[in-house]
Ligand code: ADP
């Protein structure tokens with residue numbers, strides 16, 4: 018690397034924003050600057066590569082962003098990037114701009130985009146897992162997951178107050194796309210009476226029967242008081258409003274559906290996400306220096322690790338099955354009341 022032609026590192030954030038993405042941008046930038054790199058941030062996800070829109074990232078750009086949710090680089094879903102023609106165009110633009118390495122902070126969709134880009138782009142490609150869904154293999158947690166769980170718990174705790182006051186049943190839909198990490202963790206931490214997620218869902222008929230029987234049992238043994246069902250999005254056909262309707266039709270049970278929605282994505286990142294993002298950002302630049310490519314930087318058993326991108330998107334990581342089982346055994350207060358009566 019000569020002084021006149023510095024190594025150029027590109028960074029972009031893509032897909033659903035997650036708290037801690039800014040912390041990751043900051044640590045990548047500072048680490049890269051320490052190594053004498055020029056750092057540029059492409060804006061609006063993969064659109065930045067297609068349109069050559071970027072900003073220079075320096076110490077001042079990344080100052081005072083560690084505590085901010087969202088992403089200073091903006092994010093986007095970019096369906097246009099799915100064509101080979103546009104992947105080639107993005108690669109051409111990266112070559113034109115002399116970008117030697119690109120770090121993409123995003124979820125599995127973004128990593129699939131990187132894998133496609135690698136057919137045309139000759140520079141290094143490093144992924145950082147930034148998604149509230151935690152559905153990336155090879156890392157215990159993704160950047161943003163801890164904050165999203167906490168945000169959702171705070172909302173569910175508030176709903177519990179109303180549910181208690183009115184002795185009502187609420188069905189609360191949480192995000193997670195097609196995985197149950199958010200639903201299970203939020204359900205467990207808010208002491209939900211029922212958690213419906215991908216890993217324990219059989220079919221709508223069986224679920225209706227299970228929920229109706231459980232509500233009836235709780236009512237009989239302890240008076241209903243309040244009853245919270247935490248449900249994963251994209252699970253119940255027609256969503257939680259339909260589930261409420263189905264329960265009314267099935268067993269004349271009245272429920273209030275509540276979709277938490279986008280409040281789960283934003284907000285100041287918790288310390289855990291800021292620190293994870295900082296560690297992974299540093300790890301990403303170390304990987305660039307080591308000439309690595311097509312890997313994701315994750316954290317496993319408190320150690321920073323490098324995972325092939327193909328493995329990161331494999332969807333083999335599952336929720337904690339023991340915790341899921343506990344929800345229907347030791348944590349089930351209906352069962353507790355029953356055994357006490359015997
Ligand atoms: P996330 O990265 O959070 O999973 P998405 O699934 O929306 O979010 O993916 C983000 C972006 O990654 C998409 O808008 C698209 O630009 C790109 N992408 C996703 N899948 C592919 C694919 N199979 N080929 C090319 N690009 C993809």
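Residue numbers (our numbering): 18 to 359.
Note that CB positions come from ideal geometry on N, CA and C, so glycine has one too.
In this text the structure is predicted, and so the values were computed from the model without any measurement.
Cβ-based burial, residue i [other Cβ within 10 Å; buried from 16]
i: residue 169; result: buried
i: residue 179; result: exposed
i: residue 246; result: buried
i: residue 84; result: exposed
i: residue 295; result: buried
i: residue 18; result: Confidence is the limiting factor: at residue 18 the pLDDT is only 48, short of 50, which leaves the residue's position unreliable, though a coordinate-based value still follows. That one is exposed.
i: residue 244; result: buried
i: residue 40; result: buried
i: residue 49; result: buried
i: residue 6; result: The question about residue 6 has no answer, for the chain in this structure spans 18 to 359.
i: residue 317; result: exposed
i: residue 347; result: exposed
i: residue 250; result: buried
i: residue 342; result: exposed
i: residue 353; result: exposed
i: residue 138; result: buried
Proximal residues to residue i (C-beta, below 6 Å), its chain only, five neighbours per side dropped
i: residue 25; result: 55, 115, 116, 117
i: residue 349; result: none
i: residue 61; result: 91, 93
i: residue 322; result: 315
i: residue 97; result: 103
i: residue 362; result: For residue 362 there is no data in the structure shown, the boundaries of the chain being 18 and 359.
i: residue 99; result: none
Close beta carbons around residue i, own chain, < 8 Å, minus the five adjacent residues each side
i: residue 42; result: 28, 30, 58, 74, 79, 82, 88, 89, 90, 122, 298
i: residue 206; result: 166, 170
i: residue 338; result: 216
i: residue 221; result: 253, 254, 263
i: residue 199; result: 149, 150, 151, 162, 165, 166, 169, 191, 192, 193, 249, 281
Boundaries (first-last residue) of the alpha helix (DSSP H) holding residue i
i: residue 96; result: Note, residue 96: premise wrong, no alpha helix (DSSP H); not H, not E.
i: residue 300; result: 288 to 306
i: residue 361; result: Residue numbering for the chain in the displayed model covers 18 to 359; residue 361 lies beyond these limits and cannot be assessed.
i: residue 266; result: 256 to 268
i: residue 113; result: 101 to 113
i: residue 134; result: 125 to 134
i: residue 327; result: 326 to 329
One or two residues paired with residue i in a DSSP bridge
i: residue 59; result: 71
i: residue 245; result: 187
i: residue 27; result: 57, 119
i: residue 321; result: 316
i: residue 161; result: For residue 161, which the question treats as bridged, DSSP gives no partner whatsoever.
i: residue 6; result: Coverage of the chain is limited to positions 18 through 359, which leaves residue 6 absent and any answer about it impossible.
i: residue 147; result: 160
i: residue 142; result: 119
i: residue 211; result: 246
Same chain, Cβ closer than 7 Å to residue i, five either side skipped, listed in chain order
i: residue 134; result: 104, 107, 108, 142
i: residue 218; result: 224, 252
i: residue 351; result: 231, 234, 235, 238
i: residue 333; result: 154
i: residue 289; result: 163
i: residue 52; result: 302, 306
i: residue 202; result: 166
Boundaries (first-last residue) of the beta strand (DSSP E) holding residue i
i: residue 316; result: 312 to 317
i: residue 89; result: Here residue 89 belongs to no beta strand (DSSP E), and DSSP marks it neither H nor E.
Residue-chain proximity (residue i, chain B), Cβ-Cβ < 9 Å
i: residue 297; result: Looking for chain B here will not work: only one protein chain is present.
Is it true that the stretch 146 to 157 meets the stretch 324 to 337, where meeting means three or more beta-carbon pairs spaced less than 8 Å apart? The stretch 146 to 157 vs the stretch 324 to 337: in contact.
Kindly confirm or deny that the stretch 270 to 288 and the stretch 124 to 142 touch, where touching means at least three C-beta pairs closer than 8 Å. no
Would you be able to state if there are at least three C-beta pairs under 8 Å between the stretch 217 to 226 and the stretch 304 to 319? Judged by Cβ distances under 8 Å, the stretch 304 to 319 makes no contact with the stretch 217 to 226, as fewer than three pairs qualify.
Pairs of beta-carbons, one from the stretch 257 to 275 and one from the stretch 176 to 186, closer than 8 Å: are there three or more? Cβ pair count under 8 Å is three or more, so yes.
Three or more C-beta pairs closer than 8 Å, one from the stretch 188 to 204 and one from the stretch 257 to 269: is that the case here? yes
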